[in-house]
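As structure tokens, the structure follows; a few thoughts come after it.
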Amino acid sequence: MSHDRSTNGQPLTDREQSLEFLRQMLRIRRFEEKSAELYSAQKIRGFLHLYIGEEAVAVGVAGGLNKDDALVATYREHGHAMVKGMAMNTIMAEMYGKVTGCCRGRGGSMHLFDAEHRLYGGNAIVGGGLPVAVGLALADQLQKNHRVTCCCFGEGAMAEGEFHEALNLAALWHLPVLFVCENNYYAMGTALIRSEAVVDLPSKAASYGVETATVDGMDVIAVAEAAQQAASQVRQNGGPFFLECRTYRFRPHSMFDPELYRSKQEVEGWKQRCPIESLIRRIREKGWIDDSRLGELEGAVAAEIAAAVDYAEQSPWESLEELTRFVYSESEVR
Amino acid sequence: MSHDRSTNGQPLTDREQSLEFLRQMLRIRRFEEKSAELYSAQKIRGFLHLYIGEEAVAVGVAGGLNKDDALVATYREHGHAMVKGMAMNTIMAEMYGKVTGCCRGRGGSMHLFDAEHRLYGGNAIVGGGLPVAVGLALADQLQKNHRVTCCCFGEGAMAEGEFHEALNLAALWHLPVLFVCENNYYAMGTALIRSEAVVDLPSKAASYGVETATVDGMDVIAVAEAAQQAASQVRQNGGPFFLECRTYRFRPHSMFDPELYRSKQEVEGWKQRCPIESLIRRIREKGWIDDSRLGELEGAVAAEIAAAVDYAEQSPWESLEELTRFVYSESEVR
Amino acid sequence: MAEQMRTITYRDAVREGLREALQKDERVFLMGEDVGRYGGCFAASKGLLEEFGPERVRDTPLSESTFTGAGIGAALGGMRPIVEIMTVNFSLLALDQIMNNAATYLHMSGGLFNVPLVIRMATGGGKQLAAQHSHSLEGWYAHIPGIKVLCAATLEDARGMLWGALLDPDPVLLFEPSVLYAMEGELAVDAGAVDIAGARLHHEGRDLTLITYGSCLYKCLDAAEQLEVSGISCDVIDLRSLRPLDEESFFTSVAKTHRALIVDEGWRSGSLAAEISARIMENAFYELDAPVERICSVEVPMPYAKHMEEAALPQVKTIVETARRMIHG
Amino acid sequence: MAEQMRTITYRDAVREGLREALQKDERVFLMGEDVGRYGGCFAASKGLLEEFGPERVRDTPLSESTFTGAGIGAALGGMRPIVEIMTVNFSLLALDQIMNNAATYLHMSGGLFNVPLVIRMATGGGKQLAAQHSHSLEGWYAHIPGIKVLCAATLEDARGMLWGALLDPDPVLLFEPSVLYAMEGELAVDAGAVDIAGARLHHEGRDLTLITYGSCLYKCLDAAEQLEVSGISCDVIDLRSLRPLDEESFFTSVAKTHRALIVDEGWRSGSLAAEISARIMENAFYELDAPVERICSVEVPMPYAKHMEEAALPQVKTIVETARRMIHG
Ligand SMILES: Cc1ncc(C[n+]2csc(CCOP(=O)(O)OP(=O)(O)O)c2C)c(N)n1
Ligand SMILES: Cc1ncc(C[n+]2csc(CCOP(=O)(O)OP(=O)(O)O)c2C)c(N)n1
Ligand SMILES: [Mg+2]
Ligand SMILES: [Mg+2]
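Residue numbers (our numbering), protein chains in the order written: chain A, 1 to 334; chain B, 335 to 668; chain C, 669 to 997; chain D, 998 to 1326.
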């Protein structure tokens, strides 16, 4: 039932798409690099979890989703928010804690939400998003919407009881959930081998009768293809699918992590497989891009980020009179 | 990794053992029949979950355990308490709510405990006993006690997240737990097929790398053999084992159950496979027992039960001055 | 006044509420352990599976956390789920979903996502079910901002609170004291939805305010009758909503009686009764002729034996004696 | 007085307590997420894996319910486990094990099985971690009979409460306010175990009793100094143990000051502050010159933005202003 899609770089076939994937990954990478800077400058506070190194996963997975599909993500979700269609402005303003942020400054980095683009968080309880995704899919099933709910989570979440309950329920009720495990081999400082008795993750999903696939999460083209197939399978037969994307975070877990638990060498090894650099290499080989075009791309991304920072900087703070808003709904609209 | 032990009645080889198993099963059966009566007479109150039909499981499993092995059971645990060595007196008195009960009337039918015989409940939260069993086994591992912790639970408990977490932790840390799933095909009114996407229960345990076996839970000899092998494997290599016993409860879930969810026919079908009657048949075939010896056995069991009822009847109630005892320990002994 | 009445049990009143909800709104569905084929662990949903089918009356596996979370997701996805957790004791397995998700989604998202979910649970002691099946945690739940907490003490409320809760755009926990399911009484033939905001005054008096909710309401009403005979007249307030609290109801009463006694089945320390006492302290201190008192459950995991369980729970006798002492010293 | 002192952080004091426990008693081990290789999510256990090895400093998978339950089992099996749950927010996943097992085993078994388990958790807001990482639920936990609940506000307690808790035969929840880990101060060189029963008076006065615990202690001490300048002198009580409460400490103080203000980081409704207010009502009503007041967290899931988080938490300014109003009207 499991299809291994580990590859060493799928051949590129589509120029526009390849360039668009590159652009999306660059947007995430540069945005987060800037965010790290802004964190040091204390413009962004709280927890900041960077996705750097893992960009191919969100970008590729989004490639398999339709606009009206739902996405439930974790606290490491800047990338997911961007690929789901959110503007950098509103994300950056949220991270600044400004009233113009997507959650009016209530959520911060870990809690990005967007009703229009159907992003249901930004969930900071590990595993907590899985049951919610199951419920969103149930709502679609009951309302006969042919939509997919995609739920992204780390491999660490698979030890939580909710993973087990959610996979079982989704399989039992045949619900259209695309479970995407972003296996970056560590949950904070806990290596997968110290967290799971069996490290073959798809086999767990398979024990609920859920179809699975594993893909090289450092190869955006491969992820996109796998996600495309997985999502269309979910869409067609209505039941769940489990996609493991093998990836790596290049940065510490959050901004407070001395990284005692892994070697520089290991990190360097994975950096050699940087999803952005490898895509650029392959695009160059095809002759689809040159230095000046790449410079333009970087320039456009930099401008977008600069504008987002500017927007966040200029935005006002929420008034303290509004402190107790959004605890309960204001309208009685049902 | 899975050994299927479904049989249609293992050949008997050991006369003493067969008769002892019969005696133990009769003790449970008659004790519970009496309990049902006493429930109607309102001597026993609260929830009363009968094990009638499933006796071969507790009796067989106990056959594989040593006296100093621990047992963690559910609310359907009269049988487990008896085979672990508890006297009927103290169990019956507990069900009456008397101060001479094993828990001084605090626990009732669902919460039987015994320090001497290492019975750690009587747990009435489905799945709640599994983590505790894992911890008991961890204590043994750390203290280098070569003991087994046996944890019994229903197939319904396997949908709980704690099942998944507990199996993973026991496998990951290689802990000496014998997980015994008493698969009676229903969790209250919910049939296994409505609870699990995949009804092959051992495959779930196997997905954590835990060794498994399935046995006909209506055949006490088969259960005893399987449990013996499972427990000695746990004892020898220290790691967990998962034993599925396929059985059936002949009675309603508790005393408040109209049994709308299953057919009389289905129940009758299973009753044909009554573990007690089938063992008697096989013992008779061997010529190891005759009517008068069977009568004696029944008589002895009846006398034991009568004495237990008498004991419970005669016993005093706890004084109300003691109401707030046992919320915190009285001695500071560490 | 000329209302037509019929005799009905609390259980049947709950079922009527469920049936009405399923009939009125296609988005409503019921899910939980054994709500379907078994008919509900307290038989409250008996017959509904047959009437509405397995799509809308859904038996779940034993996975409290996930089916509660799925209720949240389904609510976000446009449905109006009613999640049943058999008893509040098992809801601890779902607390992460309730507090960290249901109660926070609206706020974390800056108002983007509300969660119109109703969670029903049985609660309380009195049935000799011992320490893992008998606790009254509804007052404890009332600590959590972002959810509303109701407790239906009467047939009207058993019948009508559900629809009120379903009309609410935010998560509502609806508690049903399990000792009440078998209670029989009179209910208007055309009883329907009720308001879920205000407390209700069940008995009027001058000397003492008895504040309570859930099954203790009946103990307070009994006590009030006994006290009436000996010349002490009481206001008896059924809070109905534990969060938010209709504090005006008891402030008004205390301004009249100048004495208050709170009867609450929760454990005493950190009880809802403590909150009420503190609010009276803060808002009506100068009205008080005597300190506010509390009668709560004894702080012990519930013992099985009947006499001990009774001694652990609030009882009419204690209410009467405490009231007498409060009035006559 | 001639005690030798050294400068130390709260984090290091916690680590010293852990190290002492691991050294003194072979039965003690520490388990939780990232306590080992990562060094603890707040670096409190850094170095202990290297010192004591992976048997005794155990990294667990993300399975809060099961490793907490395993702590219960290991305690029953003769060990003295210290379970670390990273923050109280995640402990909701383990609540079933805490309330239905740890807190009830002794009672359900009629005294046969006690559970000598210590569960440590970080708690509280102030670090802009938003609605799923910032709540103060220790007062809420104090509702549960069968467990004890401690909160270490000072370096002495960060260093010494753990051993006191390990000496206790029953389950103890030990809370560490996460804003305090970086706090630096003076601690006696030979600081060791402390008693875990009584409250502690940190500042003496005549006019007002400030009752608090955890990180609010420092806000109260600041407020007390500011008030002193304007002629209002306060008793400042650090409760230390939230369950059981050392109620004599505040009854005695109120008998002297006749006024009390409780400062508690928990949400207001159903807070520990409510319990304290109710107890003063019941036991010291006639001592009071004014109603007891509470300053708690605003009832909102914690917002991320700094100015909103600050406005949601108790602050020195509010304490000072409330105290002034209570004294001068
Ligand atoms: C229930 C819960 N436990 C612990 C934490 C603290 N925590 C935050 S992220 C994290 C690691 C999660 O690892 P993984 O699921 O692999 O995701 P990754 O961070 O690697 O993307 C932990 C332990 C939490 N947020 N929620
Ligand atoms: C967490 C939890 N949820 C629900 C219940 C109510 N309940 C008691 S027994 C039971 C069925 C359990 O079925 P199974 O595990 O198969 O055991 P069996 O009763 O068949 O022996 C249920 C739902 C409970 N006690 N605990
Ligand atoms: Mg990870
Ligand atoms: Mg079963």
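Every residue gets a Cβ at the ideal spot worked out from N, C-alpha and C, and that includes glycine. These figures come from a predicted structure and were not determined experimentally.
A distance of 8 Å or more separates the beta carbons of serine 207/A and leucine 774/C.
Residue pairing by DSSP puts glycine 154/A in a beta bridge opposite Glu182/A. Taking the C-beta atoms as reference points, glycine 490/B is found no nearer than 8 Å to serine 443/B. Each of Gly488/B, Glu489/B, Gly490/B, Glu516/B, Asn517/B, Asn518/B, Tyr519/B, Tyr520/B, Ala521/B has a C-beta closer than 7 Å to some heavy atom of ligand 4; these make up the full list, in chain order. Just measuring C-alpha positions, the residue of Leu509/B, Val554/B, Ala558/B, Gly394/B sitting nearest glutamine 570/B is Leu509/B. For arginine 76/A, the CB falls within less than 7 Å of some heavy atom of ligand 1. Under the three-state reduction of DSSP, tryptophan 604/B is assigned to helix.
Listed along the chain, the chain D residues whose CB falls inside 8 Å of the CB of histidine 445/B are Met1105, Ser1106. Arginine 962/C places its beta carbon less than 8 Å from that of alanine 1275/D. Residues of the segment 143-160 of chain A with a Cβ closer than 7 Å to any Cβ of chain C, in chain order: Gln143.
By the C-beta density criterion, aspartate 764/C is buried, having at least 16 other C-beta atoms within 10 angstroms.
Judged by DSSP secondary structure, methionine 359/B falls outside any beta strand (DSSP E) and instead within the alpha helix (DSSP H) spanning 349-374. Short note on glycine 461/B: C-beta closer than 7 Å to some heavy atom of ligand 2. Per the DSSP secondary-structure output, threonine 791/C pairs in a beta bridge with Pro845/C. Counting of Cβ neighbours within 10 angstroms places tyrosine 261/A among the buried residues, the total reaching 16 or more. Distance between leucine 1059/D and arginine 246/A, taken at the CA atoms: about 19 Å. DSSP places methionine 1028/D in no alpha helix (DSSP H) but in the uninterrupted beta strand (DSSP E) bounded by 1025-1029. Bounds of any alpha helix (DSSP H) do not take in cysteine 709/C, whose DSSP letter is neither H nor E.
Comparing alpha carbon positions, the residue from Tyr1035/D, Ala1221/D, Leu1242/D closest to valine 1054/D is Tyr1035/D. Restricting attention to alpha helix (DSSP H) runs no shorter than 4 residues, the segment 1285-1311 of chain D encloses them at 1303-1309, ordered along the chain.
When beta bridges are read from the DSSP output, histidine 480/B appears opposite no residue. Histidine 414/B places its beta carbon less than 8 Å from that of cysteine 486/B. Taken residue by residue, none of the segment 21-44 of chain A has a beta-carbon sitting less than 9 Å from a beta-carbon on chain C. Distance from the CA of leucine 1109/D to the CA of phenylalanine 660/B, rounded to the nearest whole angstrom, comes to 9 Å. Within chain A, Arg194, Ser195, Glu196, Ala197 have C-beta atoms less than 8 Å from the C-beta of leucine 506/B, given in sequence order. Burial state of tyrosine 954/C is exposed, judged by a 10 Å Cβ sphere holding fewer than 16 other Cβ atoms. Proximity to glycine 1211/D across Lys1124/D, Glu1173/D, Glu1181/D, Tyr1178/D peaks at Glu1173/D, based on C-alpha coordinates. According to the DSSP assignment, proline 749/C belongs to the beta strand (DSSP E) that extends over 748-755. Interface annotation, leucine 260/A: in contact with chain D, CB-CB separation under 8 Å. At a Cβ-Cβ threshold of 8 Å, valine 126/A and glutamate 160/A count as neighbours. Nearest to threonine 1319/D by alpha-carbon distance, out of Leu1207/D, Val1295/D, His1304/D, Val1226/D, is Leu1207/D.
Shown here, aspartate 114/A sits in a strand according to DSSP, grouped into three states. Contact check for leucine 1045/D against arginine 1016/D passes: the beta carbons are separated by less than 8 Å. Boundaries cannot be given for glycine 997/C, as no beta strand (DSSP E) includes it and DSSP labels it neither H nor E. Per DSSP, alanine 205/A has no beta-bridge partner at all.
Alanine 415/B does not reach chain C, its nearest Cβ partner there being about 15 Å away, counting only Cβ pairs nearer than 8 Å.
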